[in-house]
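Here our numbering is used: the first residue of the sequence shown is 39, the next is one more, and so on. Comments concern the structure below.
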Amino acid sequence: MATAVPILNYSTFYPNWEIPARPLDLVGDFNIEEVILMLVALRNSLERNRYDLQHDNMVSALISELPTEKSTRLRSFLFGNPQFTLIHSVVISKVLVDLFRQLSSNKPILDFEKGHYEERILDLILIYNEQHYDNMLGERAQDSHELVWGLMMMQNLSGVNEIHYARTGPIKHLIFLRYLRTTVGKHFMRFEQSLKDSTGMGNINQFLAIFLSIFSFLTKRDVPNSLLPQIDLEDPNYSYLKLMGLVLDRESVETENFDVGTLLTHPFFQTSDGKTYILDHRDFSLMIERVFMYVLYHKSNICELLAITNYNGMLGHFGLHYYERYLLNGLFTTMERPGVRMIASDDNNLSDFTLIVNETDVFIIEVKAVSVHYRVFDQQDLVGFKTYLDDNFSGKKGVQQLVRNISYLTNDRFKLLSLKKPSSKLNVFPIIVFVDPQAGVHGVNDYVSGIAEEKFEALRHNFKSIRPLTMISCDFFLENIELLQNDRSLFKRLIMSYHSAIQNRKLSYKKFPSTENYVKAMVGFDQLSIGKEGIYRRDQKAIFKNLVTIFKLKEKV
Numbered sequence: 039m040a041t042a043v044p045i046l047n048y049s050t051f052y053p054n055w056e057i058p059a060r061p062l063d064l065v066g067d068f069n070i071e072e073v074i075l076m077l078v079a080l081r082n083s084l085e086r087n088r089y090d091l092q093h094d095n096m097v098s099a100l101i102s103e104l105p106t107e108k109s110t111r112l113r114s115f116l117f118g119n120p121q122f123t124l125i126h127s128v129v130i131s132k133v134l135v136d137l138f139r140q141l142s143s144n145k146p147i148l149d150f151e152k153g154h155y156e157e158r159i160l161d162l163i164l165i166y167n168e169q170h171y172d173n174m175l176g177e178r179a180q181d182s183h184e185l186v187w188g189l190m191m192m193q194n195l196s197g198v199n200e201i202h203y204a205r206t207g208p209i210k211h212l213i214f215l216r217y218l219r220t221t222v223g224k225h226f227m228r229f230e231q232s233l234k235d236s237t238g239m240g241n242i243n244q245f246l247a248i249f250l251s252i253f254s255f256l257t258k259r260d261v262p263n264s265l266l267p268q269i270d271l272e273d274p275n276y277s278y279l280k281l282m283g284l285v286l287d288r289e290s291v292e293t294e295n296f297d298v299g300t301l302l303t304h305p306f307f308q309t310s311d312g313k314t315y316i317l318d319h320r321d322f323s324l325m326i327e328r329v330f331m332y333v334l335y336h337k338s339n340i341c342e343l344l345a346i347t348n349y350n351g352m353l354g355h356f357g358l359h360y361y362e363r364y365l366l367n368g369l370f371t372t373m374e375r376p377g378v379r380m381i382a383s384d385d386n387n388l389s390d391f392t393l394i395v396n397e398t399d400v401f402i403i404e405v406k407a408v409s410v411h412y413r414v415f416d417q418q419d420l421v422g423f424k425t426y427l428d429d430n431f432s433g434k435k436g437v438q439q440l441v442r443n444i445s446y447l448t449n450d451r452f453k454l455l456s457l458k459k460p461s462s463k464l465n466v467f468p469i470i471v472f473v474d475p476q477a478g479v480h481g482v483n484d485y486v487s488g489i490a491e492e493k494f495e496a497l498r499h500n501f502k503s504i505r506p507l508t509m510i511s512c513d514f515f516l517e518n519i520e521l522l523q524n525d526r527s528l529f530k531r532l533i534m535s536y537h538s539a540i541q542n543r544k545l546s547y548k549k550f551p552s553t554e555n556y557v558k559a560m561v562g563f564d565q566l567s568i569g570k571e572g573i574y575r576r577d578q579k580a581i582f583k584n585l586v587t588i589f590k591l592k593e594k595v
């Protein structure tokens, strides 16, 4: 995979040396548990310091422990010109997966102080980099959507990384629990009992209490400085984590089936000395969502009650019935008021939601709750990611649906929308609302919008205007619904402002071509809207209070 910034690999650092065929043999004689913890700490340190290697204590410590000649050479690559990157988090995750697969058979015989440990760790990193990246030395990588997606994948960035768990994580979980009570209905007690029997929890609400406690611990003043936060074994929550099957250890790792997906749903690691560490808390909100889905599927009878046969079927069911028909429908309905109409529909002629403001501005909204397979980002599979976008956003299940919905607006022949004005007076705003954070990475909106523009061109003469396609995260509406309720023109202003800013950034790139300027021109709606007119800046308590009212969380089902 090509990169804009060269990644230091084995053949670059050791010209003309043969690359070891079995890289894990470099560390196989050490205690692999300690190697795992060291790499987790390195990943946390790199991300905390935003890959600023010159100010990263973990990187400095690694360099200082190397022999003088090798230390000097490494410095020249990391801090010279061109400046290389040591490693990215996705590669560390790949190394971790392979190390966990070796864990049960590991019989350490080497002492860390006498086994040239740091040299071997460096070589391990360089070999894995070699397997994952092609360096672009001497010429700049071609600016493209694929390049931008690759950069996002390397750094494990999504479109909503800036959204903090404390703001909406707990309330999102409570809304989902409310939905479960509604959808399971009279069988809820049986469902909850199955969960209690499997996990030891007193009730379904205890899951949220457990992870709120962990989040509170992680955000204490003295804990963020720890690169390897530990769970207190005296904490009563610990026993529930074990019963839920969320804790990895030497005995529980299934070698054949272990992959990065296992790390996503098992964020805790107990070492042989009894200490338990939190492996990954970089995106706490997303982690909790994945873990809860895992627990629901493996530790409850929810699939039996909903007549679901597999994990993907469960996710698909929630995508339609929870995200679209319950969550977003509940949010969008609150935007209705004099001069604002919202129509939810399953009719093929209409989008999932149609928002009509002042009878002139028509927002055509399609909802996509499908998620990209975790292996696509794990393997940095650009072809797979593009296929995901084409299958769900830029093809028949996205852009083409919007084209059909917009075409219907020309005469509203079935009077489904009761349009008050002819199409020539309408401004059309095509929108795709996505649930998967990965659909919000840089370059996705530009890629899908570019395909949509070609399709929209044949329809433009029927309308006053058809605006460029905008892709928006579901979390945008959760966080900002009260602002949208109180100002009917805010949504339009934000969309117009976004596309105006992107156009200006594209002009800057055209005038001053650089990968940096290209990436800036590829930013998604959510990132560029942060801070504008209070967007993503609402008080946490205000968000919570408003959503409690919208979804009637204090009322009995």
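The beta-carbon is built from N, C-alpha and C at its ideal position, and this holds for glycine as well.
Let me know the alpha helix (DSSP H) ranges lying completely inside the region 71-127, each 4 residues or longer, listed in chain order.
95-102 and 106-117
Taking the alpha helix (DSSP H) that Gln476 falls in, what are its first and last residues?
Unbroken run through Gln476: none, as it is neither H nor E.
Met380 and Leu393: beta carbons closer than 7 Å?
yes
Our contact map puts Val333 next to Tyr361 with C-beta atoms below 8 Å; I'd like the distance itself, whole angstroms only.
Not quite, the Cβ-Cβ distance comes to about 19 Å (not below 8 Å), so this is no contact.
In terms of alpha-carbon separation, which member of Met325, Phe550, His126 and Phe431 lies closest to Phe249?
Met325
Distance CB(Ser503)-CB(Asp564) smaller than 7 Å:
no
Would Leu46 pass as a contact of Phe117 if the rule is Cβ separation under 7 Å?
no
Comparing alpha-carbon positions, which option in Asp399, Gly422 and Ile403 lies nearest Ser409?
Gly422
Are Tyr574 and His183 close, meaning C-beta to C-beta below 7 Å?
no
Taking 8 Å as the limit between beta carbons, can you name the residues of its chain near Met76, skipping five residues before and five after?
Ile159
Under a Cβ-count criterion, where at least 16 other Cβ atoms within 10 Å of its own Cβ denotes burial, should Gly223 be classed as buried or exposed?
exposed
Pick out whichever of Asn396, Phe415 and Asn518 has its Cα sitting closest to the Cα of Val466.
Asn396
Going by beta carbon distance, what residues of the same chain come within less than 6 Å of Pro468, once the five residues before and after it are set aside?
Ile402, Leu440 and Leu507
Kindly indicate which three-state DSSP category Gln578 falls into: helix, strand or coil?
helix
Where Pro44 falls, given that 16 or more other Cβ within 10 Å makes a residue buried:
buried
In angstroms with no decimal places, state the Cα-to-Cα distance between Asp399 and Leu464.
6 Å
In its own chain, which residues sit with a C-beta less than 7 Å from the C-beta of Arg81, not counting the 5 before and 5 after it?
Ser127 and Ile130
Start and end residues, beta strand (DSSP E) containing Ile248:
Counting along the chain, Ile248 falls outside any beta strand (DSSP E), though it belongs to the alpha helix (DSSP H) covering Gln244 to Leu256.
So what's Arg219 in DSSP terms, helix, strand or just coil?
helix
Would you kindly work out how many angstroms separate the C-alpha atoms of Val586 and Met96, rounded to a whole number?
43 Å
Limits of the beta strand (DSSP E) - the one that Phe401 falls within:
Asp399 to Lys406
Assuming Leu302 contacts Tyr203 under a Cβ cut-off of 8 Å, what Cβ separation, rounded to an integer in Å, is found between them?
Wrong, their Cβ atoms sit about 16 Å apart, outside the cutoff.
Boundaries of the alpha helix (DSSP H) in which Val186 is found, first to last residue
His183 to Met192
So which of Lys590, Glu71 and Glu56 has the shortest CA-CA distance to Thr372?
Lys590
Sorted by chain position, which residues of the same chain lie with C-beta nearer than 8 Å to Asn54's C-beta, five sequence neighbours on each side aside?
none
Anyone know if the C-beta pair for Tyr536 and Leu516 falls short of 7 Å?
no
Just tell me which of Gln180, Pro146, Asn119 and His499 has its CA closest to the CA of Glu554.
Gln180
Close Cβ partners of Ile165 (< 7 Å) along its chain, the five nearest in sequence each way excluded:
Tyr48, Ile57, Pro58 and Pro61
By alpha-carbon positions, which one of Asp321, Phe306, Ser323 and Phe322 ends up nearest to Tyr315?
Phe306
Taking the alpha helix (DSSP H) that Phe307 belongs to, which residues open and close that run?
It is not in any alpha helix (DSSP H) - Phe307 instead sits in the beta strand (DSSP E) that spans Phe306 to Gln308.
Measuring alpha carbon to alpha carbon, tell me which of Leu189, Val473, Tyr446 and Leu112 ends up nearest Ile163.
Leu112
For Phe391, write down the residues that DSSP places opposite it in a beta bridge.
Ala382 and Ile403
Relative to the C-alpha of Gln231, which candidate in Lys337, Pro267 and Ser251 has its C-alpha closest?
Lys337
Out of curiosity, what's the CA-to-CA distance linking Gly176 and Asp429?
Note that Gly176 scores a pLDDT of 41, beneath 50, so its modelled location is shaky; the value from the coordinates is reported in the next line. Near 36 Å, if we compare the C-alpha coordinates of Asp429 and Gly176.
May I ask which residues mark the beginning and end of the beta strand (DSSP E) holding Thr508?
Thr508 to Ser511
Buried/exposed call for Val471, threshold 16 Cβ in 10 Å
buried
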